[in-house]
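Structure first, commentary second.
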Amino acid sequence: MSRELVATLEVKRAAFTVAVDIAVPSGGCVALLGPNGSGKSTVLGALAGLVPLTAGAVRVGDRVLDGDAHMPPDRRRVTLLEQKPRLFPHLSVADNIAFGPIAQGTPRREALALAREWLRRIGLSDVGRRRPERLSGGQQQRVAIARALAAEPDVLLLDEPFAALDATSAPIIRRLLADELSRTGTTCVLVTHDLSDAWQWASRCIVLDAGRVVEDAAPAHIVASPATPFSAALAGYSVIHGRWADGTVITDDHVIPGDAGGDVRDGDPVFGAVAPRDVGFGESGVVADRVRAVSVRAGRAYVEGESGLVAEAPVTVDLPTAGQSVWLTPHRMIVRRASVQPRSSESRTA
């Protein structure tokens, strides 16, 4: 049975209209990325049948979910798994997991046996009789994931489902979910702010801004050559906004050299993307800057300047402190035309 998802969505909102075309092959996964409020959750709600379309159509295999007629959410075989667990408070944990199979006609005893198996898989074998309020937030999310998978949907919609999980359980649940999607051939649409999740799960990333698609590419392409300030920041680049002139990006306070594509002309508004590993710092250099902050992650130090540049260095070197003057030298900065207006959240490394 084909689980190919094909959707042409138009949803009118107060501030803008969300307009997205999505095609996901049967058993495949597409990731939706974008700033907060860009329309990602609206797309998931529309696919689930919870948000009415202004125009468009949704099809899974040969079943039409929206278009000439509207199929109600409970008949779509499309499951939405949100960041915040939405378990039935009046049902036990086991009954929550068994709810989907029972609704599809599975005998109750068989459905409860399936629920116990899922509780074993997620490491919560001893909580089946409890009510959801007696579980931690991370435990509730694990139960919500089990409930979603136990229903065996044709399409699984994931809205940042790992955000509530702790560092210990997150890798286990990620692996379990990936294995189960592969085993069942379930089609998946994933909303995330973590490019590593998109890299692991999706063959394609659709980047939204104010309801429109501004980038549609493989995760590897976004990492290697981001086309928008948001995707550059998401990939870990420092992002600089300014105007292009004589081989440099000119900001209010700095002149920074970069490598522009052939479509960039002097005077164009641009953004520059530079990886922290490609920025050096010291007592001399290209950009006279002042340290905004210094952080340490996984044995590497990151020196953030007020220009927006971030330099990576080993923690063994003498590190500057916030407020100290420093010279930063970007060795390779990708420059693109700024076709999307910059947001304040895009001006720093993600």
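Residues in the sequence shown are numbered consecutively from 1, following full-length UniProt numbering. We treat Cβ as the ideally placed atom computed from N, Cα and C, and that holds for glycine.
Reference Ser196; option with closest CA among Ala31, Ser26, Met1, Arg3: For the purposes of this step, residue 196 is taken as the residue at position 196 of the sequence shown. Looking at the Cα atoms, Ala31 is the closest of the given residues.
Pick from Arg243, Glu304, Pro52, Ala148 that is closest to Lys12, judged by C-alpha positions: Taking the first residue of the sequence shown as position 1, residue 12 is located at position 12. For Lys12, the nearest C-alpha among the options comes from Pro52.
Distance between Phe271 and Ala338 (C-alpha atoms, nearest Å): Translated into positions along the sequence shown, residue 338 becomes position 338. Translated into positions along the sequence shown, residue 271 becomes position 271. Here the alpha carbon of Ala338 sits roughly 6 angstroms from the alpha carbon of Phe271.
Pair within 9 angstroms by beta-carbon distance, Leu149 and Trp118: Taking the sequence shown and counting its residues from 1, the one referred to as residue 149 is at position 149. Taking the sequence shown and counting its residues from 1, the one referred to as residue 118 is at position 118. Yes, Cβ-Cβ distance for Leu149 and Trp118 is below 9 angstroms.
CA nearest to the CA of Thr184, picked from Gly27, Thr8, Ala23: Counting from one through the sequence shown, the residue named residue 184 turns up at place 184. Nearest Cα to Thr184 within the set Gly27, Thr8, Ala23: Gly27.
Proximity to Leu319 [Cα-Cα], best of Val303, Gly308, Leu309, Val310: Stepping through the sequence shown from its first residue, residue 319 is reached at position 319. Of Val303, Gly308, Leu309, Val310, the residue nearest in Cα terms is Val303.
Test item: CB-CB of Val6 and Val20 under 9 angstroms: Mapped onto the sequence shown, residue 6 falls at position 6. Mapped onto the sequence shown, residue 20 falls at position 20. Not a contact, by the Cβ cut-off of 9 angstroms.
Spatial distance of Leu156 from Asp259 (CA atoms): Numbered from its first residue, the sequence shown carries residue 156 at position 156. Numbered from its first residue, the sequence shown carries residue 259 at position 259. The straight-line gap from Cα to Cα measures roughly 41 angstroms.
Own chain residues within Cβ distance below 8 angstroms of Ile102, not counting five before or after: The sequence position of residue 102 within the sequence shown is 102, counting from 1. Cβ-Cβ distances below 8 angstroms link Ile102 to Arg108, Ala111 in the same chain, with the five nearest sequence neighbours on each side left out; the list follows chain order.
Contact set for Val189: own chain, Cβ-Cβ below 6 angstroms, skip 5 residues either direction: Within the sequence shown, numbered from 1, the residue matching residue 189 stands at position 189. The beta carbon of Val189 sits closer than 6 angstroms to those of Val30, Leu157, all from its chain and outside the five residues before and after it, given in chain order.
Local Cβ density within 10 Å of Phe281, reported as buried at 16 or more and exposed below that: Along the sequence shown, one-based indexing puts residue 281 at 281. A buried status is given to Phe281, since no fewer than 16 other beta-carbon atoms sit within 10 Å of its beta-carbon.
Inter-stretch contact at 8 angstroms, needing at least 3 Cβ pairs: the segment 214-230 / the segment 298-318: Verdict: no, contact absent.
Reduced DSSP category for Ser203 - H, G, I as helix; E, B as strand; rest coil: Here residue 203 refers to the residue found at position 203 when the sequence shown is read from its first residue. Correct three-state label for Ser203: coil.
4 or more residues per run - each alpha helix (DSSP H) lying fully within the segment 214-280: The qualifying runs are 219-224, 229-234.
6 angstroms Cβ shell around Asp268 - same chain, five flanking residues per side excluded: Residue 268 sits at position 268 when you count from the first residue of the sequence shown. Cβ within range, chain order: Trp244, Arg337.
Nearest-angstrom Cα separation, counted from Val214 out to Cys205: Residue 205 sits at position 205 when you count from the first residue of the sequence shown. Residue 214 sits at position 214 when you count from the first residue of the sequence shown. Going from the Cα of Cys205 to the Cα of Val214 covers about 11 angstroms.
Cβ shell of Val310 (< 6 angstroms), same chain only, five flanking positions each side left out: Locating residue 310 in the sequence shown gives position 310, counting from the first residue. The residues are Ser238, Pro276, Tyr302, Glu304, Thr349.
Under 9 angstroms between C-beta atoms of Val78 and Gly56: Taking the first residue of the sequence shown as position 1, residue 78 is located at position 78. Taking the first residue of the sequence shown as position 1, residue 56 is located at position 56. The Cβ-Cβ distance between Val78 and Gly56 does not fall below 9 angstroms.
For Thr42, the first and last residue of its enclosing alpha helix (DSSP H): Your numbering for residue 42 matches position 42 in the sequence shown. In the DSSP assignment, Thr42 falls within the unbroken alpha helix (DSSP H) covering 40-48.
Cβ neighbours of Asp66 in the same chain (closer than 6 angstroms, five flanking residues each side left out): Locating residue 66 in the sequence shown gives position 66, counting from the first residue. Closer than 6 angstroms at the Cβ level, and outside the excluded window around Asp66, lie Leu53, Ala57, Val58.
Run of the beta strand (DSSP E) containing Glu312, from where it starts to where it stops: Position 312 of the sequence shown, counted from the start, is the residue given in the question as residue 312. Element bounds for Glu312: 310-314.
Buried or exposed (CB count within 10 angstroms, at least 16 for buried), Gln139: On the sequence shown, residue 139 is found 139 positions in, with the first residue counted as 1. Under this definition Gln139 is a buried residue.
For Ala7, three-class secondary structure by DSSP: Taking the first residue of the sequence shown as position 1, residue 7 is located at position 7. Looking at Ala7 - three-state DSSP - the assignment turns out to be strand.
Sequence-distant residues of the same chain with beta carbon closer than 8 angstroms to Thr17, five excluded per side: Walking along the sequence shown from the start, residue 17 turns up at place 17. Closer than 8 angstroms at Cβ, skipping near neighbours: Glu10, Val11, Thr54, Gly211.
C-alpha distance - His241 paired with Val249, whole-angstrom precision: The residue given as residue 241 occupies position 241 in the sequence shown. The residue given as residue 249 occupies position 249 in the sequence shown. Rounded to the nearest angstrom, the two C-alpha atoms are 8 angstroms apart.
Burial state of Gln141 (16 or more Cβ within 10 Å): Within the sequence shown, the letter at position 141 stands for residue 141. Classification for Gln141: buried.
Asp209 (DSSP reduced to helix, strand or coil): Position 209 of the sequence shown, counting from 1, holds the residue named residue 209. Strand at Asp209.
Beta-carbon proximity check, Ala15 vs Gly45, cutoff 9 angstroms: Position 15 of the sequence shown, counted from the first residue, corresponds to residue 15. Position 45 of the sequence shown, counted from the first residue, corresponds to residue 45. No.
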